[in-house]
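Peer 1: Residue numbers (this note's numbering), protein chains in the order written: chain A, 1 to 304; chain B, 305 to 971. Note that beta-carbon positions come from the ideal geometry of N, C-alpha and C, so glycine has one too. Before we start, here is the structure in question, set down as structure tokens.
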């Protein structure tokens, strides 16, 4: 798939040395999922999300979440139209194909929850009237780690709606040198053009759905999920939504590897991104430990 | 008692598991309520309530002093209520009491395990008292509950599901069942190393001493006395089934009593036919067995006395199964020694019943012959208005037989037999009273005869010159139906209603209830015959039929082999069900390769994908990377690509080659 390669290439050009995270982000969007990017400030979260929106060629709005953002600021509000003498609904920034929810956990829970209905049902209900959101509809949210000051942790119900949560991490030495030599992605972002259009995106999405899954792989996924539900170190098991998300993400990953069937490596590649934010250790009440649990799954569940 | 303070959440008893544990305790203690003093059960119940209040946080655990006081009071109470003796009841009382006290003492998981192991003991203790089918079924369920409580202790704290625990416990029991059966059949019945004190101490059924009115108590009871199976099809006529048990040859103060046993029976078989049968005797706590007249062959556990009683060394404390052959037509005791004659004609020096004695002497003078005198007595009963009833009027003090014979003229077997024997003896004819059972019901389902306590009967035996001891049943003269058709037929409808509850005598043989009763009886009979009655003797018969010569080595080996077979089968089934066998051919190929690699010392890591494992194996064995890459891709395609062409032969060959290379590499 040339289009996919082009997408990957231009994103890699912006975000140096992060090709794995770039691929995960693409897999997430191809699997029709919302993406949550979590890292410390200054790691390129916003850069990645902006670049994604640009290369996909979709309409794009950005919401900067702060502690005083209100739901109406996101969804929109009705104002009186003097000419017609009626109330007119002014669409908020949510009405776009890609919504970049920047620093989502700096908003209060009230504003965070404005996204709940939009993310699951792809519509918003305002003043008793359901308004469909444009299709496709992606939320790409960035957040700082919960330990940072001035954050409100996202509730489990919200976290579960994100197909993937990825972390960017520090760049490796080569990428760092390249960055210092003047490869600042922010400047390149300006020159970024849409690499695909909407029909092509839809084509890719249906190609993801068509990726084949064999019985031995279904068994593997089932064993992974069963492990989270029966072992004591997991506070609770993976939900069926999480299970489906895992398989769908693995499909998208397989497609990115130019394969028409899923192999266990695909599941293992996306496992961390899909389940880390959905799991919690029994002994931990602060919401960490998901990464360790995912690692444990990888190293203790038999593939065959 | 926990010496170390319980610490941490892991050492605590999970809350839901505690509930299940208390249910289990209640379940195992409940059946003991039938044998132990009620106060012990009450104490257990109070401890349960206390524990519940502790659980709710309203009461505290008892302090050390209170616990010590409880233990001392409990022990003293047990000693007092068991009348000082070291009886079985006292020991079981102590066990149950300690079990109850444990409720208010258990804090940690370890205590809970102690309680569970005690619960198994309490279950086993119940079988010392009662081994009936009902109790066995109940205790089976109780053991499942106890095991479920143990399972519950090991469950995750977040999800304790009692039903799931019970299911697991049931499947554990079922897995243990085959081995249990093997051990039951083959394990030697070892004589106890120490003697268990007699439970109950209250003899059941006929007693060593009898007063004419005594048997009424028995006729109110529908408890089974024993069951009989005849070897050759349908049993003989009802009227012939006189089950002898006790012979009363001494009469004093209005009471009949047994004389000390004398041995050396003389039996004149003549042409009499013999019949063999098997008896399942319910516990009586007496040391005699029941059988038809003139036993010719019997178990070596019993001895035959001169008056044709079968006595045993030890009292019958559990269901006992024994074989007998009897010759009903045989004569016995033809020669009567002087001592015997003196014993069997003895009456108290002071004539207690002068009117009856005078009547007998008068009649004997008129008849002149012993045989005719006996017949005349029976004729007298038949002709005069005598009545058969289970509720005779009171006979007052002294000269009771006189009062019965001349005044009240109503009574049942013991009255008529007493008066008959008394009359015989008062004219110097040797006579004695025999106690036992008459008849029984035939259960049409399994063709055995059930003899119940209400079939208890007393009759007379008279010694006649040249004929030996002959049976005379004066009850037959007053109520021939009693002798020919059983108790129910002889009773007035009012008397019949007083018969207790559920018996075929009351409900008849037809109808749903009647048939159900037969079915229950049949099941119970089979239980007694094949499970409870399976003692050392029966086991020996059974085993020698299958194994021939019974050497310890042979029995031991058979037990070992069958036991191993059971364990192997159960283990095999569990192994196969542990993980559903994958039907996918490529998976099987790969699994075989993994097993082979493991034997060669290359262990697959958990989470290692098939491709990665094959590549690693190839690298270790030094196989060319192009070849190994091809194999890995073929394997992955076979496993995960539904569209791939069937390449399993290539995969099989490739994996085999790789395994071969690995073998060489390790050498």
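Interface residues of chain A around residue 910 of chain B at Cβ under 9 Å?
Peer 2: Locating residue 910 of chain B in the second chain gives position 606, counting from the first residue. Under the 9 Å cutoff, chain A gives 298, 299, 300, 301, 302 and 303.
Peer 1: So does the region 578-591 of chain B actually touch the region 646-660 of chain B, counting three or more Cβ pairs closer than 8 Å?
Peer 2: Judged by Cβ distances under 8 Å, the region 578-591 of chain B makes no contact with the region 646-660 of chain B, as fewer than three pairs qualify.
Peer 1: If you compare alpha carbons, which of B/681, B/684, B/688 and B/715 is closest to residue 697 of chain B?
Peer 2: Taking the second chain and counting its residues from 1, one reaches residue 697 of chain B at position 393. When each option's Cα is compared against that of residue 697 of chain B, the closest is B/715.
Peer 1: Under the assumption that residue 914 of chain B contacts residue 261 of chain A (Cβ atoms under 8 Å), give the Cβ distance between them as a whole number of angstroms.
Peer 2: In the second chain, residue 914 of chain B corresponds to position 610, counting from 1. In the first chain, residue 261 of chain A corresponds to position 261, counting from 1. With 8 Å as the limit, residue 914 of chain B and residue 261 of chain A do not qualify as a contact, their Cβ atoms being about 14 Å apart.
Peer 1: Taking only beta-carbon positions, decide if residue 616 of chain B is within less than 9 Å of chain A.
Peer 2: What you label residue 616 of chain B is simply residue 312 of the second chain in a count that begins at 1. It does not: the Cβ of residue 616 of chain B has no partner Cβ on chain A nearer than 9 Å.
Peer 1: Sort out for me which residues DSSP pairs residue 530 of chain B with in a bridge.
Peer 2: Position 226 of the second chain, counted from the start, is the residue given in the question as residue 530 of chain B. Note: residue 530 of chain B sits in a beta bridge opposite B/585 and B/755.
Peer 1: Anyone know if the C-beta pair for residue 659 of chain B and residue 703 of chain B falls short of 9 Å?
Peer 2: As a first step, residue 659 of chain B is located in the second chain; it is residue number 355 there, counting from the start. As a first step, residue 703 of chain B is located in the second chain; it is residue number 399 there, counting from the start. It is a contact, given that the beta carbons lie within the stated cut-off.
Peer 1: Are the beta-carbon atoms of residue 843 of chain B and residue 489 of chain B separated by less than 9 Å?
Peer 2: Locating residue 843 of chain B in the second chain gives position 539, where the first residue counts as 1. Locating residue 489 of chain B in the second chain gives position 185, where the first residue counts as 1. Cβ distance < 9 Å, so residue 843 of chain B and residue 489 of chain B count as in contact.
Peer 1: Using alpha carbons as the reference points, say which of A/202, A/217 and A/48 lies closest to residue 888 of chain B.
Peer 2: Position 584 of the second chain, counting from 1, holds the residue named residue 888 of chain B. Selected option, being the one with the closest Cα: A/217.
Peer 1: Give me the residue from B/592, B/955, B/869 and B/594 with the minimum Cα distance to residue 480 of chain B.
Peer 2: Counting from 1 along the second chain, the entry for residue 480 of chain B is found at position 176. The shortest C-alpha separation from residue 480 of chain B is found at B/869.
Peer 1: Scan the region 922-948 of chain B for residues whose Cβ lies nearer than 7 Å to a Cβ of chain A and list them as they occur along the chain.
Peer 2: For the region 922-948 of chain B, which is checked against every Cβ of chain A, the residues closer than 7 Å are 940, 943, 944, 945, 946 and 947.
Peer 1: On the CB-based measure, 16 or more other CB atoms within 10 Å of its CB, does residue 555 of chain B come out buried or exposed?
Peer 2: The residue you call residue 555 of chain B lines up with position 251 of the second chain. Looking at its Cβ environment, which holds 16 or more other Cβ atoms inside 10 Å, residue 555 of chain B is buried.
Peer 1: Strictly below 8 Å CB to CB, what residues from chain B border residue 172 of chain A?
Peer 2: What you label residue 172 of chain A is simply residue 172 of the first chain in a count that begins at 1. Going along chain B, no residue has its Cβ under 8 Å from residue 172 of chain A, so there is no contact; the nearest lies around 24 Å.
Peer 1: Using a C-beta to C-beta distance shorter than 8 Å, which residues of chain A count as neighbours of residue 336 of chain B?
Peer 2: As a working note, residue 336 of chain B is residue 32 in the second chain. Here the premise fails: no neighbours, minimum Cβ distance about 38 Å.
Peer 1: Going by C-alpha to C-alpha distance, which of A/58, A/192, A/14 and A/56 sits closest to residue 45 of chain A?
Peer 2: Position 45 of the first chain, counting from 1, holds the residue named residue 45 of chain A. Among A/58, A/192, A/14 and A/56, the Cα nearest to that of residue 45 of chain A belongs to A/14.
Peer 1: Got a sec: is the Cβ-Cβ distance from residue 270 of chain B to anything in chain A below 9 Å?
Peer 2: Summary: the structure shown does not reach residue 270 of chain B, with chain B confined to residues 305 through 971, and so no result is reported for it.
Peer 1: Could you tell me which residues DSSP puts in a beta bridge with residue 910 of chain B?
Peer 2: Within the second chain, numbered from 1, the residue matching residue 910 of chain B stands at position 606. Partner(s): none; residue 910 of chain B has no beta bridge.
Peer 1: Helix, strand or coil for residue 503 of chain B? Go by DSSP, reduced to three states.
Peer 2: Working through the second chain from its first residue, we reach residue 503 of chain B at position 199. Because the pLDDT of residue 503 of chain B is 48, which lies under 50, any placement of that residue in the model is unreliable, and the number read from its coordinates should be weighed accordingly. Looking at residue 503 of chain B - three-state DSSP - the assignment turns out to be coil, as it is neither helix nor strand.
Peer 1: Any contact between the region 136-153 of chain A and the region 88-106 of chain A? By contact I mean 3 or more CB pairs, one from each, below 8 Å.
Peer 2: They touch, by the three-pair rule.
Peer 1: Select from B/358, B/563 and B/399 the residue whose C-alpha is nearest the C-alpha of residue 382 of chain B.
Peer 2: Numbered from its first residue, the second chain carries residue 382 of chain B at position 78. The option with the nearest alpha carbon to residue 382 of chain B is B/399.
Peer 1: Is the beta carbon of residue 42 of chain A closer than 9 Å to that of residue 172 of chain A?
Peer 2: Residue mapping note: residue 172 of chain A aligns to position 172 of the first chain, counting from 1. Residue mapping note: residue 42 of chain A aligns to position 42 of the first chain, counting from 1. Cβ atoms of residue 172 of chain A and residue 42 of chain A: not closer than 9 Å.
Peer 1: Can we say the region 154-164 of chain A touches the region 111-127 of chain A, given the rule of at least three CB pairs closer than 8 Å?
Peer 2: As far as the Cβ criterion goes, the region 154-164 of chain A touches the region 111-127 of chain A, which means the pair count is three or higher.
Peer 1: With a cut-off of 9 Å, does the C-beta of residue 891 of chain B fall near any C-beta of chain A?
Peer 2: The residue given as residue 891 of chain B occupies position 587 in the second chain. Chain A contact via Cβ: present.
Peer 1: On the DSSP bridge list, what partners appear for residue 731 of chain B?
Peer 2: Counting from 1 along the second chain, the entry for residue 731 of chain B is found at position 427. Paired residues: none, contrary to the question.
Peer 1: When Cβ atoms are compared, which residues of the region 376-395 of chain B fall closer than 9 Å to chain A?
Peer 2: Listed by position along the chain: nothing, the set is empty.
Peer 1: Could you list the residues in the region 114-130 of chain A with a C-beta less than 7 Å from some C-beta on chain B, going in chain order?
Peer 2: So nothing in the stretch comes that close.
Peer 1: Going along chain C, which residues have a C-beta under 7 Å from residue 888 of chain B?
Peer 2: Checking the listed chains, one finds no chain C in this structure; the protein chains it contains are A and B.
Peer 1: For residue 115 of chain A and residue 297 of chain A, I'd like the C-alpha separation in whole angstroms.
Peer 2: Within the first chain, numbered from 1, the residue matching residue 115 of chain A stands at position 115. Within the first chain, numbered from 1, the residue matching residue 297 of chain A stands at position 297. Roughly 31 Å separates the two Cα atoms.
Peer 1: So which residues of chain B does residue 167 of chain A contact, with C-beta pairs closer than 7 Å?
Peer 2: Reading the first chain from its first residue, position 167 is the one you call residue 167 of chain A. Correct list: empty, because the minimum Cβ distance to chain B is about 21 Å.
Peer 1: Report all residues from its chain with a CB closer than 8 Å to the CB of residue 943 of chain B; omit the five preceding and five following residues, and keep chain order.
Peer 2: If you number the second chain from 1, residue 943 of chain B lands on position 639. Correct list, in chain order: 888, 890, 891, 894 and 914.
Peer 1: Over the uninterrupted alpha helix (DSSP H) stretch that includes residue 91 of chain A, give me the two end residues.
Peer 2: Here residue 91 of chain A corresponds to residue number 91 of the first chain, with the count starting at 1. It is not in any alpha helix (DSSP H) - residue 91 of chain A instead sits in the beta strand (DSSP E) that spans 86-91.
Peer 1: Return the residue from the list B/621, B/635 and B/950 that minimises the CA-CA distance to residue 774 of chain B.
Peer 2: Mapped onto the second chain, residue 774 of chain B falls at position 470. Of the listed residues, the one whose Cα sits closest to residue 774 of chain B is B/635.
Peer 1: Confirm, please, whether the CB-CB distance from residue 764 of chain B to residue 786 of chain B is below 9 Å.
Peer 2: For the purposes of this step, residue 786 of chain B is identified with residue 482 of the second chain, where counting begins at 1. For the purposes of this step, residue 764 of chain B is identified with residue 460 of the second chain, where counting begins at 1. In this structure, residue 764 of chain B does not lie closer than 9 Å to residue 786 of chain B by Cβ.
Peer 1: Would you report the Cα separation of residue 417 of chain B and residue 445 of chain B, rounded to the nearest angstrom?
Peer 2: Position 113 of the second chain, counted from the first residue, corresponds to residue 417 of chain B. Position 141 of the second chain, counted from the first residue, corresponds to residue 445 of chain B. Their Cα atoms are separated by approximately 19 Å.
Peer 1: Should residue 707 of chain B be labelled buried (16 or more other beta-carbon atoms within 10 Å of its own) or exposed?
Peer 2: What you label residue 707 of chain B is simply residue 403 of the second chain in a count that begins at 1. Residue 707 of chain B comes out buried.
Peer 1: Give the C-beta separation of residue 211 of chain A and residue 251 of chain A to the nearest angstrom, bearing in mind that I take them to be a contact with Cβ-Cβ under 8 Å.
Peer 2: Indexing the first chain from 1 puts residue 211 of chain A at position 211. Indexing the first chain from 1 puts residue 251 of chain A at position 251. Their Cβ separation, rounded to whole angstroms, is 4 Å, which keeps residue 211 of chain A and residue 251 of chain A in contact under 8 Å.
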